[in-house]
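Remarks on the structure that follows.
In the UniProt record's numbering, the protein residues as written are 1 to 149.
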């Protein structure tokens with residue numbers, strides 16, 4: 001249907017679709033891709049308003065940890081490449097070597113949805129029943145996950 005669409009509403013629809021794919025059909029590649037698009041759209045809107053989105057926050061955190069551990073200064077561009085590595089790995093096929101991808105797709109999809117939700121919350125977007133369900137899932141998952149060492 002031809003029309004003019006608000007990209008934040010598109011992001012809302014994609015995030016909701018990512019959560020449905022993750023929770024109800026275990027289509028983790030679908031969830032990862034949809035959440036990645038939503039996270040990017042929300043993130044750009046946050047940056048347009050002078051804020052720091054989830055990806056930028058994670059990059060700053062990684063740089064702070066590296067400095068505290070005495071490592072050399074990390075470049076934002078290198079950290080950005082790492083942050084989108086899995087999302088890009090599933091959608092690019094430029095060489096025969098890229099025909100296969102090694103990935104924990106469930107973990108990457110869960111993480112992508114989490115980053116999109118962080119940006120969604122920062123923009124004060126509407127909470128849908130599926131978003132509430134994912135928050136409940138995340139809470140239960142984090143309580144059941146083994147402690148990190």
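Note that CB positions come from ideal geometry on N, CA and C, so glycine has one too.
Neighbour-count burial assignment, residue i, 16 or more Cβ in a 10 Å radius
| i | result |
| --- | --- |
| residue 42 | buried |
| residue 144 | exposed |
| residue 1 | exposed |
| residue 67 | exposed |
| residue 134 | buried |
| residue 131 | buried |
Proximal residues to residue i (C-beta, below 7 Å), its chain only, five neighbours per side dropped
| i | result |
| --- | --- |
| residue 45 | 8, 123 |
| residue 108 | 32, 86 |
| residue 51 | 122 |
Residue i - containing alpha helix (DSSP H), residue span
| i | result |
| --- | --- |
| residue 92 | Careful: residue 92 lies outside any alpha helix (DSSP H) and carries neither H nor E. |
| residue 14 | 7-24 |
| residue 97 | That residue, residue 97, is in no alpha helix (DSSP H); it is neither H nor E in DSSP. |
| residue 131 | 129-144 |
Which listed residue (the options) has its alpha carbon closest to that of residue i
| i | options | result |
| --- | --- | --- |
| residue 117 | 72, 25, 138 | 138 |
| residue 75 | 26, 89, 60, 17 | 60 |
| residue 29 | 3, 95, 91, 71 | 91 |
| residue 26 | 56, 130, 106, 142 | 106 |
Secondary structure of residue i, DSSP reduced to three states
| i | result |
| --- | --- |
| residue 105 | helix |
| residue 118 | helix |
| residue 43 | helix |
| residue 57 | helix |
| residue 149 | Residue placement at residue 149 is poorly supported in this model, since its pLDDT is 40, which falls under 50; the coordinates still yield a value, given next. Residue 149 falls in the coil class under three-state DSSP. |
Contacts around residue i, its chain only, beta-carbon distance under 6 Å, and the 5 residues preceding and following it disregarded
| i | result |
| --- | --- |
| residue 11 | 38, 41, 42 |
| residue 54 | 115, 118, 119 |
| residue 112 | 32, 35, 36 |
| residue 103 | 86 |
| residue 63 | 74 |
Neighbourhood of residue i by C-beta distance below 8 Å, restricted to the same chain and skipping five residues each side
| i | result |
| --- | --- |
| residue 126 | 12 |
| residue 149 | Bear in mind that the predicted position of residue 149 carries a pLDDT of just 40, short of 50, making it unreliable; the figure below should be weighed with that in mind. Correct list: empty, nothing qualifies. |
Cβ-heavy atom distance, residue i to the ligand NAD, below 6 Å
| i | result |
| --- | --- |
| residue 12 | Among the components modelled here there is no ligand, and therefore nothing to report on the ligand NAD. |
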